[in-house]
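The sequence shown lines up with residues 33 to 321 when you count with my numbering. Backbone N, C-alpha and C fix where the C-beta goes; we use that ideal spot for every residue, glycine too. Please read these numbers as outputs of a predicted model, since none were measured by experiment. Input: a single structure, listed below in structure tokens.
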Amino acid sequence: MKLSTIILNGKEVANQWEKEIISKVQDLKAKGISVCLAVARFNDDEASKVYVKKKVAMCEKLGIKPILIEEEGLDQVEIEKRVSSLNQNKEVNGIIVQLPLPRGIDKESVLSLISPEKDVDGLNVFSCGLLYKNLPGLRPCTPSGIVRLLKEYKIDLVGKRVVILGRSQLVGLPIFLMLLHENATPTIVHSKTKDLKNICKEADILIVATGKAKMINREYVKKGAVVVDVGISRLDGKIVGDVDFDDVFDVAGYLTPVPGGVGPLTIMSLMSNVIKAASIQSGIKDDLV
33 MKLSTIILNG
43 KEVANQWEKE
53 IISKVQDLKA
63 KGISVCLAVA
73 RFNDDEASKV
83 YVKKKVAMCE
93 KLGIKPILIE
103 EEGLDQVEIE
113 KRVSSLNQNK
123 EVNGIIVQLP
133 LPRGIDKESV
143 LSLISPEKDV
153 DGLNVFSCGL
163 LYKNLPGLRP
173 CTPSGIVRLL
183 KEYKIDLVGK
193 RVVILGRSQL
203 VGLPIFLMLL
213 HENATPTIVH
223 SKTKDLKNIC
233 KEADILIVAT
243 GKAKMINREY
253 VKKGAVVVDV
263 GISRLDGKIV
273 GDVDFDDVFD
283 VAGYLTPVPG
293 GVGPLTIMSL
303 MSNVIKAASI
313 QSGIKDDLV
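Take a look at the structure:
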């Protein structure tokens, strides 16, 4: 018997989140507080140039002032000087260093320079420590977007078996911790995991972040499971995810599309972090999720 799969519409959730953020920006401005995000690109990666433009455009749409730094060919010392300067700039509430960094640049050294209160990507060592200890802080954007999506659809996390396919610092590791803190029972699997298919098929919630187009078909999915597809690839001229959407559609109980699932929530999570950072730096308690 085929299921009536519910589509987890990230665009709709992101649109509502956007309204909340605009309202919050206006509230801060009414208190005389401006909000500013610095976006720094030091690579010559074409995809990064597109991502940076999207972030700047979203800032402008929401009423957040963007400061754009685009410099290529800098060495480690010069990049670290730029980041340190942004740390010291009191106008700047949040700092993003667009990844990847050029070859030969120590990524962790650069990211660790970002002040924790301005680390709106939630990627430096201090921010990761706050997440590990479940202390207040700025959380990584894609995992935060996933949690928001699940909660908006009232998907219960407590005690649920969650299988996370992928162990990256951007998605796999932080979403593991965030769901653990929500009292779920998460497991991380990866390319070296034995009996991968059967482990995935035991999941109440399956989160896929491998970067391999259409890797997951119906054989990996338990009937009625929640399937969250974080991947995005181009295959035969089409944008697809890590999950074979059509094959899984009538097996999953809930399923994210690609595009229009997790992607829109990642950038809104980033903008939410900028608002949180501005609020914290101004001594105002922020209640925006």
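(request) Would you kindly check if the distance between the Cβ of R73 and the Cβ of Q130 is under 7 Å? (result) yes
(request) Output the residue ranges of the beta strand (DSSP E) runs that lie fully inside the stretch 174–198 and measure 3 residues or longer, sorted by chain position. (result) 193–197
(request) State the CB to CB distance for the pair G126 and V84, rounded to an integer number of angstroms; the pair is presumed to be in contact (CB under 8 Å). (result) At roughly 14 Å, the Cβ-Cβ gap does not stay under 8 Å, so G126 and V84 are not in contact.
(request) May I ask you to report which of helix, strand or coil DSSP gives I65? (result) coil
(message) Which same chain residues end up closer than 7 Å to P289 when comparing Cβ atoms and leaving out the 5 residues on each side of it in sequence?
(response) I39 and F277
(request) Along the alpha helix (DSSP H) that carries G161, what are the first and last residues, could you check? (result) V157 to Y164
(request) List the whole-angstrom C-beta distance separating T37 from L267, where the pair is believed to meet the contact cut-off of C-beta under 8 Å. (result) About 21 Å separates the two Cβ atoms, so there is no contact after all.
(request) Could you tell me the distance, in whole angstroms, from the CA atom of H222 to the CA atom of A284? (result) 21 Å
(request) Give a yes or no on contact between the stretch 289–304 and the stretch 175–189, applying the rule of three or more CB pairs nearer than 8 Å. (result) yes
(request) Would you tell me roughly how many angstroms separate the C-alpha atoms of P32 and I239, rounded to the nearest one? (result) Since the first residue of the chain shown is 33 and the last is 321, residue 32 is not available in this structure.
(request) Note down, one range per segment and in chain order, each alpha helix (DSSP H) of at least 4 residues found wholly within the stretch 191–273. (result) 204–213 and 228–233
(message) By the three-class DSSP mapping on this structure, what secondary structure does D319 have?
(response) Summary for D319: the model assigns pLDDT 49, below 50, so the residue's position carries little reliability; its value from the coordinates is reported in the next sentence. D319: coil per DSSP, three-state reduction.
(message) Quick check for students: name the residue ranges of the beta strand (DSSP E) that lie wholly in the stretch 55–100, counting only runs of 3 or more.
(response) 68–73
(request) Kindly give me the distance between the Cβ atoms of L143 and N156, rounded to whole angstroms, as I take these residues to be in contact under 8 Å. (result) 5 Å
(request) Report the option in K87, A46 and K63 whose CA atom is closest to the CA atom of G16. (result) Lying outside 33 to 321, the shown extent of the chain, residue 16 is not represented and no answer is given.
(request) Look at the alpha carbon of P218 and the alpha carbon of D76, and state the distance between them as a whole number of angstroms. (result) 37 Å
(message) Quick check on DSSP: helix, strand or coil for L118?
(response) helix
(request) Report yes if the CB atom of V88 is closer than 7 Å to the CB atom of L100, and no otherwise. (result) yes
(request) Can you tell me the Cβ-Cβ gap for I53 and S304, rounded? I've got them flagged as a contact below 8 Å. (result) 6 Å
(request) Take G169 and list the residues in its own chain whose beta-carbon comes closer than 6 Å to its own, dropping the five residues that flank it on each side. (result) S159 and L162
(message) Using C-beta distances below 7 Å, list every residue in its chain close to A309, excluding the 5 sequence neighbours before and after it, in chain order.
(response) N125, G126, E149, K150, V152 and L170
(request) For G292, write down the residues that DSSP places opposite it in a beta bridge. (result) Paired residues: none, contrary to the question.
(request) Would you kindly work out how many angstroms separate the C-alpha atoms of I96 and L118, rounded to a whole number? (result) 16 Å
(message) Would G204 and A245 be called neighbours here (beta carbons separated by less than 7 Å)?
(response) no
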